[in-house]
Amino acid sequence: MVSPELSQFHVSQTMAKQQPGRNRPAFVGGVLVALFTVWAFWSFMSSNPSFSTKFSSGSELDCATAAQGVNLRHDPPATTFYDDPRLSYSIEKPIRDWDEKRREWLRHHPSFAAADGGAGDRILLVTGSQSTPCRNPIGDHLLLRFFKNKVDYCRIHGYDIFYNNVLLHPKMHTYWAKIPAVRAAMVAHPEAEWIWWVDSDAAFTDMDFKLPLHRYKNHNLVVHGWTKMIYEEKSWVSINAGVFLIRNCQWSLDFMEVWASMGPQTPNYDKWGQIQRSTLPDKLFPESDDQSGLVYLLLKEKEKWGDKIYVEGEYYFEGYWLEIVGTIENITERYFWDGEGGAAAEAAARGGGERGVCSGEGAVPERRRVWSVELAAAVYYALYRVSALQWEAQPDVLRRELLGWDAEGPQFRG
1 MVSPELSQFH
11 VSQTMAKQQP
21 GRNRPAFVGG
31 VLVALFTVWA
41 FWSFMSSNPS
51 FSTKFSSGSE
61 LDCATAAQGV
71 NLRHDPPATT
81 FYDDPRLSYS
91 IEKPIRDWDE
101 KRREWLRHHP
111 SFAAADGGAG
121 DRILLVTGSQ
131 STPCRNPIGD
141 HLLLRFFKNK
151 VDYCRIHGYD
161 IFYNNVLLHP
171 KMHTYWAKIP
181 AVRAAMVAHP
191 EAEWIWWVDS
201 DAAFTDMDFK
211 LPLHRYKNHN
221 LVVHGWTKMI
231 YEEKSWVSIN
241 AGVFLIRNCQ
251 WSLDFMEVWA
261 SMGPQTPNYD
271 KWGQIQRSTL
281 PDKLFPESDD
291 QSGLVYLLLK
301 EKEKWGDKIY
311 VEGEYYFEGY
321 WLEIVGTIEN
331 ITERYFWDGE
341 GGAAAEAAAR
351 GGGERGVCSG
361 EGAVPERRRV
371 WSVELAAAVY
381 YALYRVSALQ
391 WEAQPDVLRR
401 ELLGWDAEGP
411 QFRG
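Reading the sequence shown from the start, the letters are residues 1 to 414 in UniProt numbering.
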């Protein structure tokens, strides 16, 4: 039998023997932490660290210089029109002497005036859509694909692009929303000679297409259409206002001011709808719209505006999707030679309006399904063109391989 004193002594001895083994990991860990702290501090303070990282010099990479060679960091002290407190981007406040203000601004920003052959060929593509989600289950998917298609096209050709999804005028909605957006883009981008409006539902099907700007050197507005349908048939579909090219100049600002005067923000909106419908026999709906307004100005104010408007009919500046999509598998064969010896082709296919793409309205379910597939096929075909793949297939193969048909309909691939 062991006395309590001996028992306590035995336990104390055992604990004393076990204590060094239990504390050894903590001691080693503390030493390692201390060594690591000293090494990190020494590496930070040392003028010659043991590791080396190669950083690009300013001459190798200058983030302030855009791909077009312009100096984005240059901010001259001279005052420009931007310093005028009366300046407004709103369509309701006119701007005067815009040509001189642009020239003055370019004089103070010589890199913009000199890059890529000068400001005379610089194009800003403007597009946009509604800010709310689409009711059509694949509407947002299509709009995203359409936007990526435009970005790819602009990247290939060195164009800037601006996407707008807000109403710059609360009353100018739907198809009228483009005019405030284009007007604001002109003021915000004096370096751009041309503003190219492309509707959200339009996709470039020929990624090699380049605008023949030399043909428009004496004009300020380019729109696709047919002069016979304008002046003889007086048709509201004689032109298409979904894709147009407009010069950044005072003439264009004045023209858009008159054009916008037919819009829903004016007290004469209902009256203009009646005037348009009485002037254009085939106009079906009573509301004033931008396309009918453009045809009306060509008919009634041709002497004032007509000489500067180029109605492009020698190639498809844009085309309705039914006219184009059915032949995308052999689009490379659709080039033709125009009178000036240059190649011309279809520029873009349109889906029949953002309201149709986003809401799915205007077609029975079966037709809407085919319509969505065909539109997506156009976008995916352009994507394959960007990837420099030669796609030689029959239409059914093209749709199946690009979109993935099944019994329930198309399954869109990301």
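Ideal Cβ placement from N, Cα and C applies to all residues, glycine included. All values reported here derive from a predicted model rather than from experimental measurement.
- Residue 218 counts as exposed, since fewer than 16 other beta carbons sit within 10 angstroms of its beta carbon.
- When secondary structure is reduced to three states using DSSP, residue 224 falls in the strand class.
- Shown here, residue 195 sits in a strand according to DSSP, grouped into three states.
- Three or more Cβ pairs closer than 8 Å define a contact, and the stretch 198-206 falls short of that threshold against the stretch 250-262.
- Within the same chain, Cβ atoms closer than 8 Å to the Cβ of residue 80 are found at 101, 104, 105, 108, the five residues on either side in sequence being excluded.
- Each of 87, 95, 112, 96 was checked against the Cα of residue 73, and the nearest Cα belongs to 112.
- DSSP places residue 160 in the strand class (E or B) of the three-state scheme.
- Around the beta carbon of residue 191, 16 or more other beta carbons sit within 10 angstroms, so the residue counts as buried.
- Annotation for residue 182: the continuous alpha helix (DSSP H) segment containing it runs 178-188.
- Closest by C-alpha distance to residue 187, out of 97, 214, 238, 173, is 97.
- For residue 204, the enclosing beta strand (DSSP E) begins and ends at 202-204.
- Excluding residues up to 5 positions away in sequence, 230, 231, 234, 279 lie with their Cβ nearer than 8 Å to the Cβ of residue 299 in the same chain.
- Counting only runs of 3 or more residues that sit fully inside the stretch 122-148, the beta strand (DSSP E) segments are 123-128, in chain order.
- In this chain, the alpha helix (DSSP H) harbouring residue 103 covers 98-108.
- Collapsing the DSSP output to three states places residue 82 in a helix.
- A residue is called buried when at least 16 other Cβ atoms come within 10 angstroms of its Cβ; residue 30 does not meet this threshold and is exposed.
- Looking at 110, 267, 89, the one whose alpha-carbon comes closest to that of residue 71 is 110.
- When the Cα atoms are used, residue 215 and residue 90 turn out to be separated by approximately 31 Å.
- A residue is called buried when at least 16 other Cβ atoms come within 10 angstroms of its Cβ; residue 78 does not meet this threshold and is exposed.
- The Cβ neighbour count for residue 34, taken over all protein chains shown within 10 Å, is under 16; the residue is labelled exposed.
- About 7 Å separates the Cβ atoms of residue 136 and residue 357, confirming a contact at the 8 Å cut-off.
- Uninterrupted alpha helix (DSSP H) stretches at least 4 residues long and entirely within the stretch 240-285 occur at 250-260, 269-279, given in chain order.
- Linking residue 295 to residue 173 through their CA atoms gives a straight-line distance of about 20 Å.
- As the crow flies, the alpha-carbon of residue 154 is around 9 Å from that of residue 207.
- Taking residue 179 as the centre and dropping the five residues before and after it, the same chain places the C-beta of 91, 172, 256, 259, 260, 263, 290 closer than 8 Å to its C-beta, in chain order.
- Excluding sequence positions up to five before and after residue 181, its CB lies within less than 7 Å of the CB of 126, 128, 164, 168, all in the same chain and listed in chain order.
- Under the three-state reduction of DSSP output, residue 301 falls in the coil class, being neither helix nor strand.
- The secondary-structure analysis by DSSP pairs residue 312 across a beta bridge with 224.
- Per the coordinates, the alpha-carbon of residue 184 lies some 16 Å from the alpha-carbon of residue 175.
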